[in-house]
Amino acid sequence: MKKIMRVAIIILTLAALLISVSACQRRAAAGSGGFTVEEGVLVMVTNAEFPPYEFWDGGRIVGIDAEIADAIANKLGLRLRIDDIDFNAILPAVTSGRADMGMAGMTVTEERKQSVNFSTSYATGVQVIIVRDGSPITNADDLSAEGANFNIGVQEATTGDLYTTWDLEDEGLATIHRFRRGADAVQALVTGRVDCVVIDNEPAKAFVAMNRGLRILDTEFAVENYAIAFALENTALRDAVDGALRDLIADGTVQRIIDKYIKVD
Ligand code: GLN
11 MKKIMRVAII
21 ILTLAALLIS
31 VSACQRRAAA
41 GSGGFTVEEG
51 VLVMVTNAEF
61 PPYEFWDGGR
71 IVGIDAEIAD
81 AIANKLGLRL
91 RIDDIDFNAI
101 LPAVTSGRAD
111 MGMAGMTVTE
121 ERKQSVNFST
131 SYATGVQVII
141 VRDGSPITNA
151 DDLSAEGANF
161 NIGVQEATTG
171 DLYTTWDLED
181 EGLATIHRFR
191 RGADAVQALV
201 TGRVDCVVID
211 NEPAKAFVAM
221 NRGLRILDTE
231 FAVENYAIAF
241 ALENTALRDA
251 VDGALRDLIA
261 DGTVQRIIDK
271 YIKVD
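For the sequence shown, position 168 (counting from the first letter as 1) is numbered 178 according to the working numbering, and the numbering increases by one without interruption.
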């Protein structure tokens with residue numbers, strides 16, 4: 011009996027040793043402290059329907075977020091892998107540990123901070139309103155006017171969805187139509203299924219440029235900060251990525267990447 015106990019203790023000690031060695035290897039993979047879900051690889055999830063932050067160009071996902079993430083991975087000695095998933099699946103992928111980070115023109119909000127940690131913010135976004143030419147909607151206040159009850163298109167689970175739901179639909183002032191992609195919401199506007207679309211300003215510009223008869227109102231629905239999201243417990247990786255991101259902001263790399271995709275007119 012004693013012998014069995016001794017053997018069991020030895021096996022358990024060996025197993026514990028093996029587990030901690032492999033954890034160390036995983037941690038070492040990210041160089042400056044963090045560990046990644048796949049050794050040596052920084053797995054980023056995004057929704058590549060959000061130009062100019064992330065979009066498909068031929069067989070590649072490109073854009074501001076893709077390039078910043080690539081520069082971060084380089085600094086940390088990691089290889090970048092970008093997985094394209096639905097926007098509303100990004101935070102679950104991060105919190106469940108299937109991905110290392112979510113980067114998708116993702117706005118920092120108090121609600122999201124309950125489930126993820128954010129990096130330093132690297133860009134600003136503005137929620138704008140797209141309408142058809144000649145629309146009776148001329149500013150943000152028109153949406154909340156008594157009895158207006160407009161049909162508003164948004165991309166599901168984005169801040170455009172959350173704000174219009176809380177401020178307008180929950181108050182009985184409008185009907186919100188949720189689409190899987192921003193481009194689908196814009197298509198619904200073109201065909202008249204919705205009266206306007208509330209969405210981030212840069213994709214709004216891209217979608218308006220692709221479609222005739224649309225314009226962006228000169229009114230801000232909300233101003234917000236974009237940042238990278240991490241699982242709450244993975245502070246080592248968050249700190250490593252954040253350090254690299256701060257360096258890239260300080261040396262002008264982030265601004266150069268933004269300027270490459272966003273031309274000031
Ligand atoms: N900035 C918005 C949000 O975080 C939209 C992001 C997106 O559609 N990729 O909800």
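Heads up, the beta-carbon is just placed ideally off N, CA and C, and yes, glycines get one too.
Please indicate yes or no: does the CB of M116 lie closer than 6 Å to some heavy atom of ligand 1? yes
Note down the Cα distance separating G262 from L255, rounded to an integer number of angstroms. 11 Å
Indicate, with yes or no, if ligand 1 has a heavy atom lying under 6 Å from the CB of D210. yes
Where DSSP assigns a beta bridge to E59, which residues make up the other side? F65
Heavy atom of ligand 1 within 6 Å of T168 beta-carbon: yes
Apply the 10 Å Cβ neighbour rule to P146 and answer buried if 16 or more other Cβ atoms are within range, or exposed otherwise. exposed
Kindly give me the distance between the Cβ atoms of A237 and M116, rounded to whole angstroms, as I take these residues to be in contact under 8 Å. 7 Å
Within its chain, find whatever has a CB closer than 7 Å to the CB of A150; leave out the 5 residues flanking it on each side and keep chain order. I139, T229 and F231
Quick check on Q265: does DSSP put it in helix, strand or coil? helix
Count the other CB atoms within 10 Å of the CB of C34; is the residue buried (16 or more) or exposed (fewer)? Bear in mind that a pLDDT of 37 at C34, under 50, signals an unreliable position, so the model cannot answer this.
CB of Y63 within 7 Å of CB of D80, strictly: no
Helix, strand or coil for A195, going by three-state DSSP, please let me know. helix
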